[in-house]
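Under the UniProt record's numbering, the residues of the sequence shown are numbered 1 to 207, in order. Idealized CB from N, CA, C, for every residue including glycine.
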Amino acid sequence: MMTIQQWLALGLAMLFLAALPSLSVLTVVTRSASLGLWHGALTTVGIVLGDCLWILLALVGLEQVAQLEGWLPLIRALSASYLIVLGWQLWRSRDRKSSQLSLRETSQPASFLAGLLLTLADQKALLFYLGFFPTFLNLERIAASEVAGIMVIAIGTIGGVKLAYAWLAVQGQQRLIGRSQPWLQAIGAGLLISMGLLLWLQLITGR
């Protein structure tokens, strides 16, 4: 069983890793600044769910990972295409307040899926967790209580950090609202499209 010191070290390590700039952070910031805090929270839920799936697979074993390996390129392609579509929608609505209002009301599932698909498309996260967790515990003798504890830590650290980014993005957006709004939406659209294109490039090059 893990000691209290090991649990604290694991929590601090995951908190630090969650705070590092990444595609998931950019997605949360973009959705929050463009559509509001609720959309940032939904994106965060998708990211946390995706990370929890990778963590569970890393803890359970490689046999289950092998069964999903054939689906990973398809998930990455879907995620890349989806981010490009979201970016294009945001670009088209940048000068139309009515369209922006409609987008806020109808694209809540889109924010959740953006976070989920982006995380599932990053199979490097699984490889990271496979190399990360053995530092803190024995994967061959892991107990159910330890799995539950790690999930709680992951939800708290990843979710908490991403929500903090979402809140900061909304605060910044409110201060710049007005003439700068179309520019903010254009930047957000460009970031989403760029992330989608980057995922496609990684898929094509096999990275």
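Contact annotation, residue 7 with residue 149: C-beta distance approximately 7 Å; criterion of less than 8 Å satisfied. With 16 or more other Cβ atoms inside 10 Å of its own Cβ, residue 112 counts as buried. In this structure residue 153 does not touch residue 46 by the C-beta definition: roughly 19 Å separates them, more than the 8 Å allowed. For residue 14, the three-state secondary structure derived from DSSP is helix. If the five residues before and after residue 165 are omitted, its C-beta is found closer than 7 Å to the C-beta atoms of 25, 28, 29, all from its own chain and listed in chain order.
Straight-line measurement puts the Cα of residue 190 at about 23 Å from the Cα of residue 74. Looking at 3, 131, 89, the one whose alpha-carbon comes closest to that of residue 192 is 89.
In chain order, 1 place their CB closer than 7 Å to the CB of residue 143, counting only its own chain and leaving out the 5 sequence neighbours on each side. Around the beta carbon of residue 145, a 10 Å sphere encloses fewer than 16 other beta carbons of the protein chains shown; the residue is thus reported as exposed. Around residue 19, the same chain offers 161 as residues with beta carbons nearer than 7 Å, after the five sequence neighbours per side are excluded. Annotation: residue 21 is outside any alpha helix (DSSP H) and is labelled neither H nor E by DSSP. In this chain, residue 107 is not harboured by any alpha helix (DSSP H), its DSSP state being neither H nor E. Just so you know, the alpha carbons of residue 203 and residue 77 end up roughly 7 Å apart. For residue 51, the enclosing alpha helix (DSSP H) covers residues 37 to 60.
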